[in-house]
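A quick write-up on the structure given underneath.
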Amino acid sequence: MLKLMKLEWKKTKIGWYMNGAIIANVIMAALLCLIGYVESNEGQAAFNGFPEAFVVIGAIVRATFIVFAAVLIAKLVIEEYKNKTITIMFSYPISRKKIIASKLCVVGGLTFITIIVSNVFVALVFFSVNAYLQFIPGSLPLEMIVQQVVSMFAFAFAAAGTSLIPLFFGMRKLSVPETILSSILITAIVSAHNPIFSLASIIYIPLFLAFVGLVLAAVTIRRVEQVDVS
Numbered sequence: 163m164l165k166l167m168k169l170e171w172k173k174t175k176i177g178w179y180m181n182g183a184i185i186a187n188v189i190m191a192a193l194l195c196l197i198g199y200v201e202s203n204e205g206q207a208a209f210n211g212f213p214e215a216f217v218v219i220g221a222i223v224r225a226t227f228i229v230f231a232a233v234l235i236a237k238l239v240i241e242e243y244k245n246k247t248i249t250i251m252f253s254y255p256i257s258r259k260k261i262i263a264s265k266l267c268v269v270g271g272l273t274f275i276t277i278i279v280s281n282v283f284v285a286l287v288f289f290s291v292n293a294y295l296q297f298i299p300g301s302l303p304l305e306m307i308v309q310q311v312v313s314m315f316a317f318a319f320a321a322a323g324t325s326l327i328p329l330f331f332g333m334r335k336l337s338v339p340e341t342i343l344s345s346i347l348i349t350a351i352v353s354a355h356n357p358i359f360s361l362a363s364i365i366y367i368p369l370f371l372a373f374v375g376l377v378l379a380a381v382t383i384r385r386v387e388q389v390d391v392s
């Protein structure tokens, strides 16, 4: 499986993903800082304390890279089926199931790592700027940082599993738009947030969706032998 993942990594030009992730990180960090600056200038608080800031940062990062994962699925799986280029890999003396599973492992692993790195980067930039401009008054407690790091890993794992759900919708008609649209609808659910009630802060919902994503991925892998690409 590891050899297949390495082969998939070499075969796929992943530079667009890395460049897109860097640009997205800069935009997210700048946007959050801008919101905090504008709101503070108007005498209003952009966030009701550090916990809400962490929730918003995590929600934006996860939403962004769940959509990125859908684009990756579209390129690695859906488009290869549509263009029939996947028949080249299927001609190897390797199980089709292992080939598709290796592609999904690349998607899930890359999504998990990118969310972790992006969370750290965006939070670091935002709270560094906050130290000077005081969007949120007070200092960030060390205990809260440790708690949020643990939470960040849990949410990143859940998001990585959730990011596999669009595969199921995309494979029905080998549709790239359906793959990406389904990811947008999912992010609208898991990232919903307002000061009164926030779905983005409830870990059980993304964990459930991660379970659904893993089940649907397993179903898709099992059916891959029945899909005709000739």
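Each residue of the sequence shown is one higher than the last, beginning at 163 in our numbering. Here a beta-carbon is modelled for each residue, glycine too, at the ideal position from N, C-alpha and C. On a predicted model such as this, the values are computed, not experimentally measured, just so you know.
Whole-angstrom distance between residue j and residue i, CA atom to CA atom
i: Ser264; j: Arg258; result: 10 Å
i: Leu336; j: Ile240; result: 6 Å
i: Ser202; j: Lys244; result: 50 Å
i: Gly271; j: Ala322; result: 7 Å
i: Val287; j: Leu361; result: 25 Å
i: Asn273; j: Ser301; result: With the sequence shown as reference, residue 273 is identified as Thr, and Asn is not the correct amino acid for it. Taking the straight line from one Cα to the other gives about 31 Å.
i: Leu369; j: Ser353; result: 13 Å
i: Leu343; j: Pro328; result: 8 Å
i: Ile185; j: Trp178; result: 10 Å
i: Phe209; j: Gln296; result: 11 Å
i: Ser392; j: Met333; result: Reliability of the predicted coordinates at Ser392 is poor, the pLDDT of 49 falling under 50, and the value obtained from them is presented with this limitation in mind. Answer to the nearest angstrom: the Cα atoms are 16 Å apart.
i: Ala372; j: Ile365; result: 11 Å
Reduced DSSP secondary structure (H/G/I, E/B, other) of residue i
i: Asn281; result: helix
i: Leu369; result: helix
i: Leu343; result: helix
i: Ser257; result: coil
i: Lys237; result: helix
i: Leu295; result: helix
i: Asn146; result: Past the boundaries of the shown model lies residue 146; the chain is included only from 163 to 392, so the question cannot be answered.
Own chain partners of residue i with C-beta closer than 6 Å, once the 5 adjacent residues on each side are dropped
i: Leu234; result: Val269
i: Ile383; result: Lys259, Ile262 and Ala263
Under 9 Å between C-beta atoms of residue i and residue j
i: Ile219; j: Ala318; result: no
i: Ala215; j: Phe289; result: yes
i: Ile256; j: Ser345; result: no
i: Val386; j: Phe330; result: no
i: Thr324; j: Val279; result: no
i: Val291; j: Gly198; result: yes
i: Val236; j: Thr341; result: This sequence places Ala at residue 236; Val is not what is there. Yes.
i: Leu326; j: Ala231; result: yes
i: Met306; j: Pro213; result: yes
Own chain, CB closer than 7 Å to residue i, minus 5 neighbours either side, in chain order
i: Val377; result: none
i: Ser363; result: Val217
Sequence-distant residues of its chain with Cβ nearer than 8 Å to residue i (five each side left out)
i: Gln206; result: none
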